Every structure is written in C-alpha cells, then in structure tokens.
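Below is one structure, written out as structure tokens; comments come after it.
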Amino acid sequence: MPAEDKIMIPGAPSSEPPTVEEPTAAREPLAPKPDQQGPEAVSPTGSPTGEPANSRAQSGQYLTTAQGLRVGDTDHSLKAGPRGPILLQDHHLREKITHFDHERIPERVVHARGAGAHGVFRSYGTASRITKAGFLAPDVETPVFVRFSTVLGSRGSADAVRDTRGFSTKFYTDEGTYDLVGNNIPVFFIQDGIKFPDVVHAAKPHPDREIPQAQSAHDTFWDFVSLHTEAQAHTMWNMSDRGIPRSYRTMEGFGVHTFRLSDEAGNTTLVKFHWKPKQGVHSLVWEEAQIINGMDPDFHRRDLADAIEAGAYPEWELGVQTFPDTEDQMFEGIDLLDPTKFVPEELAPVQPIGLMTLNANPTNYFAETEQVAFHPGHLVPGIDVTNDPLLQVRLFSYLDTQISRLGGPNFAQIPINRPHAPVNDMLRDGMHQTAVHGGVAPYRPNSLDGGCPFLAGHDMGAFVDVPEELAASVKERRNPASFDDHFSQARLFFRSLTPVEQDHVIQAYTFELGKCYEAAVRERQLMALANIDAGLCAAVAIGLGMPAPGATVQVPDPGPSPALSQVGKTWPVAGRVVGLIVDSSSDLSEVSAAREALDAAGVVPLVIAPTGGVLGAGTNQEVVVQRTYLTARSTEFDALLVAAGGSPAADAEQGRDAKAGEPATRVDPRVVLMLSEAYRHAKAIGAWGAGSGALEAAGITRDTPGITVGEGPDAVVPAVQEMLASHRAWDRFPAAPQAGE
Ligand code: HDE
C-alpha cells in the first residue's frame, strides 16, 4: 500500500521517528515554589557522595528519643509505684522495645555470614585496549567495598568451615556502580540457574532438625551431587584445600562466568575475571579448621579486621583471561558459557589490569556489611553479560532478593549502596523512601521539569547493550551438547595437585561421605569418583570400607594445570602470624631480638607466656605478653618459635610441686599441645635455649622437615621465615597413594 494511503490512527505507536525534537541542552527544572521549603537534607540519591553517611545518626551529647526529645531516665519503666504494673503510656519504653523487636532483618538465603572492608582499586590501564569502562582506564582510582562470605552457614556460623567462599566487590565508579560478585572457586555446581534452589536446599541443614550447620558433610548434599554429576567439578574444589582457606586475605577470587567487554568502537572480547592475592594462596588443614571453629568461630573475620587495623592492607591484583568473541563461544574445546568449566591458566594466561587495596574496616557491621546489596546486573559501559544460563538467572535473583531482605525497592539509598555517580532515576516512592524528590514530572518525555532527565547517547556515557546476533533457534528446555561432559575438569583438577594435596582431597571425601548414613548415597558418589580418577575412588572406598566401582563413562583426559597447585611456590611472609612461646626460663633479650627480626619482615609476632602482663617489668628488657598459655592455641599461628622449657612460675601457676624423681620444672602441657598440633599441621617450628627441651617433650625430633633448633634467634628466625614463605613443611604430611587409572 502506498505510504499516503496508510490509515492514520491518532495516538497509535508509529514506526516513524518522532517528529517532536527532544530538548538536547539542559535547562533548569522549574524552581521549587516558595511554599516548598522542605527538610534541608538533599536527596540521598542525588549527590555523588551525599552527606556523610552518618549525618543524621547519633549527634549531640544527650540521650534522646528517635524524635530528639532528651531522656532523663532510660533504666526504669514508668510504673504505678515502685512495685506496681508498667503503664501503657510509657512512650519511651515502647519506642525502645519496639525498635529492639525489629532490629533483625532476614539473613541472606545464601552467603549469610560475611566480613566486609573498604578499599581502593587502581587501574593499570591495560584493559583499556578491550573495554571503554572508565574505571579501567590508566591510573584511575575507584573506591570499593568488598564482602567475603561463606555460602551455607547462618549469620552466626563459624568461619573456617569446608565451603565455597563469596568474594563480592562493589566499585563505586563515576559511571555508576559496578558489582563483581564472585567466588573463591572458578566453577559452579550447576549449569542452569533454575537448579539453584535445588542445590541450596540439598546443601543447607536437613529440614527436620536443622542440622548440620554450615557443612556439606551430610546425606542430602551428597545425594544431590551424586545424582547431579555436573556438580562434581565444584565439589572436587570444595574437597581440596581450597574449601578451607587460611584467611580471606589468602584466597583467589573468580568472576566464574564469562563476561563480554566492549571498546569505544564496539569491538568485543570475552573475559573471565580473576583476583590474585598478593599475600599468596594458602589454606588450612582439616584438623586445624575444626579446632579453629571451636576456638575462634570468627577466625576469618578477625584476621581481616586485625590486618587492616594493623596497617597490613591486603591486596589483590585483578586480572582477565581473554578469549575471542567467536560465534560458538568455545575456547580450546571449553564452552565459555558453561559455568561448571574453567579455562586453565596455561591455555589463557591471567593478564593483570589493576590492584585493589583494602584499607579501612567498616564503622558499623549492620549498616555496611549486612546492608550492602550486590547484583551482577550492576554494570557499567564497556562490561556486559553473556548468555551463560546461570548468570542469566542471577540477573533476576539479586535484585529480587534485596527487596525482601532490605524491605523494599529503595535499598540503593542506603549509604553503603549509594552510587558515587549522580542519580536521576525517576523511580519514586516505595517503602523506606528517604529522598525528598523535587519537581512534578517524574516521567519522560516531559516539558514541565525542564524536559529533564535527558537520554545519553553512547558517546555521553550511556550503557548500550552489546548488540548480539542470535542464531535462529527453537524455544526449548535443553542444554547444548557441549555441556554434557561432567567429569573431565574434576579429573583435570585432581591430577594437577601434588600428592600431598591429593591426599587431603581423599581425606575430605572420606570424611564427608563417612558422615552420610545412606549407603546408596556413598555408593553413588563412589561411582562418580570412579569416572574422575580410579586411584581417588579406590582410596576413598578403602576409607569407607566399601568396594570401589569401575568407571562407567569415557572421560576426555585434559592435561594437568600446574597453576592449580598451592605447593612448591614461595610467597611473601608479611602479615603472617608467628607465636613466640616464652616463660621465665627464656632470655628476654633473645625474645626481643626475635620480635624485632620478625617485625622487620612484616611478620606479626605474638608473645605467648604462662600469664599475662609484662615480662621483665621494671627492667630495660620489658616484653609485653599478647597471649597466655590459657588463651593461645596453635591454630592462631602460621609458625611457632619456642624459647620456653618449663619454669617455676608456670609450675606455681598450676599449683605444681616437683615430686621426687621428677625434673625440677616440666614443660607446660599447653605448650606441648601447641607444639604437637603445629607439628601435625606441618607448620614451621624453631627453638633455642630451653625451647629444645619443649620440642623433646612434644616428641618432635630436630631432623624433621620444617624444624629448626639453634643457638639463638639469629640462627633460628631466618630459617623459620624461609619455611613460612612456602606456607607449610609439605614433606611432613604422608604422601597420597598414586593417582591415575
Ligand atoms: Fe549468588 N546469590 N546466586 N552466586 N551469590 C546471593 O543475593 C543466586 C552464584 C554470590 O556478599 C543472593 O544478596 C542464584 C554464583 C555471592 O552480599 C541471592 C544463583 C556465584 C553472594 C543469590 C547464584 C554467586 C551471593 C543471596 C544461580 C559466584 C553474596 C543474598 C543462578 C559467581 C553477596 C543476595 C554478598 C548471594 C542467588 C549463583 C556468588 C539469593 C539464583 C555462580 C558472592 O540473590
């Protein structure tokens, strides 16, 4: 039909470009009317950094009600006489108790337990070749907030459990907030987000008795992962030392999914993000982790906060693996959209693009660490998502969950979530609205508020979704065939580990499956292990006292990736903690010399003595005691130095009198326990003076790996530091049975 013959319907959408020109230059919005002098506070969504986060919280010297009324008595309710009933009219009592009753908000359904820190990210500029993201341009500094977490446990659960760790970073960029919401493991349990409720329900405590807390060592977890073999690769990482990191500071982080970067010209590159800790990658050993969870459930939280408070700021380099944005989105046979697969560094090196330094602790846990809201859909121009079916579901889930967790849609106005870029969003009202929005036209186009806000073009910093051509396809519930291989990467991971690390994996499977009551679950998981590695399967089967099944599927055999092993490398020792065990038999000048040497290397020396206070008080050799034999446990320390061999003071503290035939003094059993635990956990131990007697009492011989006995600290401390750089005396662990077919 010729154009002029078209029937025009007034008000119908037209495919023609609009004929009315939109304003392109900013005009002042209508001025507030003289009668609109509202509260002075500016819109919390309107200013880059806004007023100070705590501007309304806690000011003035006197206790007040929430309305600012001064309070004269907050310890006694208003009663009908001292022994009488409390009166309903006591508005202060009711306000205080009502507020208290509502202090808790729902904990996160996963990642409930966490620890946060502020910091700064400085870009090297190396990524500006492939992305226009402003915060990745050379030398740009961007404030960040990071939250580390465990996945399974409740808010009050212990830190050192065997679990995946979350590693979420909020970059407050000039172009809007960018969230990189990753984990310390580069692969995930499931390929499609629709299964997330299933894996989480299986891993959480059993619904009848709500046990076990923060553990995967139970029937429902292993039931799920053995039935659902795509979870095997992630589970293998969990069973390795990566499942029990030494510290948040010594964890790697991974964006897991493949993301798409784009430059100014619209060229695209696929990338995977990596965080590499400058402190090294270190883990606990299982017995150590179990002791820690009893001794100090806040171990990781405390470690992060203490390091930052001490000025030992943890640092991570952000890096990318880059892949051409090809039509099939495959790289070396690995489907880049399959989140159960990672790309070995040997195939695609991690290229550093910036450095993150965490340099400030939160002021208030609830306001910051608890209320921070991450979302993989918080993107900036130059960084876009891919069609990874796990990521696609996350793009829905994170926004949705904040609405119930933070009580409504205005969580971006909470100080920790406020962007550091100007916000002009036309979102209005809703629960917990704290902005006092001016104007009358929160819609566009409008002519009443000066036509604002305008739409930005891509050359004005707009986020433009990367146009992606989609192959003609059918609507269906199905995975591509390239998602079918569930075992090769679990095999790759296991075979890349050293024998001692493999032994830890074997012990972890044996422990966890040993906690399963259902024989069918154990059998099924052994069948999965048989497809991963026959040696692994056989060793676990022996531990469980069950027959080892044979493999049932042909599994591709990728070469190993030595980068995955944590053994055989050396790392900086700065920030590691060394316990210095002393008693009244110790030479205090030597103790001071040892402290100074450790201090000079950035190591944290903590003096452990029979009682607290100051050793050599009043002399010129005073040594302050940081831990006592009662409060210390080996698990707090990365290495031990011992200059104590039993002392009359320690004996006196225990009320001990030497009996006939006994040595005049004996080594305190708590020192013996510390040394034997540190020995079992393959930590470096050094001794001098009476300390060699303490080693003997603990049954430790000096010719074992990682043990140094010398004349004094000058001979011992450097050797212990050197050993600390390798993290543990790995040779002290028993070797694993040989892996393989
Ligand atoms: Fe999450 N995840 N997740 N997740 N996730 C949440 O969001 C979810 C996934 C991760 O410190 C929740 O705000 C779905 C992968 C971290 O605040 C929730 C799926 C990865 C954190 C949620 C995944 C993660 C969360 C709970 C499958 C690693 C803590 C509270 C499609 C790349 C963030 C919240 C923080 C938190 C959903 C899978 C990491 C419910 C549906 C893969 C680090 O929205």
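Under UniProt numbering, the residue at position 523 of the sequence shown is numbered 523, and the numbers go up by one with no gaps.
By construction, the Cβ of each residue, glycine as well, lies at the ideal position given by its N, Cα and C atoms.
Being a predicted model, the structure only gives us computed values, none of them experimental.
Sequence-distant Cβ neighbours of Ala-231 in its own chain, meaning closer than 6 angstroms and more than five residues away, are Phe-189, Val-225.
Within 7 angstroms of the C-beta of Pro-556 there is not a single heavy atom belonging to the ligand HDE. Boundaries of the beta strand (DSSP E) harbouring Gln-351: 351 to 360, taken from the DSSP string. Remark: C-beta atoms of Leu-588 and Gln-621 approach each other more closely than 8 angstroms. By DSSP's assignment, Arg-627 forms a beta bridge with Ile-608.
In this structure, the straight-line span from the alpha carbon of Gly-333 to that of Pro-422 is close to 44 angstroms. Contact between Ser-482 and Asp-338 holds: CB atoms are separated by about 7 angstroms, below the 8 angstroms threshold. With 16 or more neighbouring CB atoms inside 10 Å of its own CB, Val-144 falls in the buried class.
In this structure, the beta-carbon distance from Ala-127 to Val-393 does not fall below 8 angstroms. The DSSP assignment places 577 to 581 as complete runs of the beta strand (DSSP E) inside the stretch 547 to 594, in order along the chain (cut-off: 3 residues). Of the residues assessed, Asp-599 falls on the exposed side of the cut-off, its CB having fewer than 16 other CB atoms within 10 angstroms. Distance check between Lys-33 and each of Pro-467, Tyr-509, Asp-449, Gly-153 places Asp-449 closest, using alpha-carbon atoms only. Using a Cβ distance threshold of 8 angstroms, Glu-590 and Gly-407 do not count as a contacting pair. The closest CA to that of Gln-279, considering only Pro-734, Leu-427, Ile-532, Ala-725, is found on Ala-725. Going by C-alpha positions, Ile-130 is about 24 angstroms away from Leu-390. Distance from the CA of Arg-680 to the CA of Ser-397, rounded to the nearest whole angstrom, comes to 44 angstroms. Check the Cα spacing between Thr-628 and each of Pro-82, Asp-503, His-375, Leu-615: the tightest is with Leu-615. For Ser-283, no alpha helix (DSSP H) segment is defined, and its DSSP state is neither H nor E. Scanning the stretch 271 to 349 for uninterrupted beta strand (DSSP E) segments of 3 residues or longer gives 315 to 324, listed from N- to C-terminal end. In this structure, DSSP gives Asn-183 an extended state, which the three-state scheme calls strand. With a cut-off of 8 angstroms on Cβ pairs, the stretch 268 to 277 is not in contact with the stretch 228 to 242, counting fewer than three such pairs. Nearest to Met-527 by alpha-carbon distance, out of Tyr-517, Cys-516, Ala-551, Gln-213, is Ala-551. Judged by DSSP secondary structure, Arg-122 falls within the beta strand (DSSP E) whose first and last residues are 114 to 123.
Contact check for Ala-687 and Val-642: beta-carbon distance about 5 angstroms, within the 8 angstroms limit, so the pair qualifies.
Distance from the C-beta of Ser-168 to the nearest heavy atom of the ligand HDE is below 7 angstroms. Boundaries of the alpha helix (DSSP H) harbouring Ala-715: 713 to 725, taken from the DSSP string.
In the DSSP assignment, Glu-141 falls within the unbroken beta strand (DSSP E) covering 141 to 150.
Between Gly-646 and Gly-710, the C-beta gap is not smaller than 8 angstroms, which leaves the two residues out of contact.
Going by C-alpha positions, His-76 is about 19 angstroms away from Gly-68. In this chain, Thr-708 is not harboured by any alpha helix (DSSP H); it is covered by the beta strand (DSSP E) spanning 707 to 710.
For the 8 angstroms CB-CB criterion, Ala-117 and Ile-308 form a contact. Restricted to the stretch 382 to 453, the alpha helix (DSSP H) segments that are unbroken, complete and at least 4 residues in length are 389 to 405, listed in chain order. Here the distance from the Cβ of His-234 to the nearest heavy atom of the ligand HDE is not below 7 angstroms.
CA-to-CA, the gap between Asp-139 and Arg-260 works out to about 22 angstroms. Around the C-beta of Pro-324, fewer than 16 other C-beta atoms lie within 10 Å, and the residue is accordingly described as exposed. Excluding its 5 nearest sequence neighbours in each direction, Leu-78 has C-beta neighbours in its own chain below 6 angstroms: Leu-87, Asp-90, listed in chain order.
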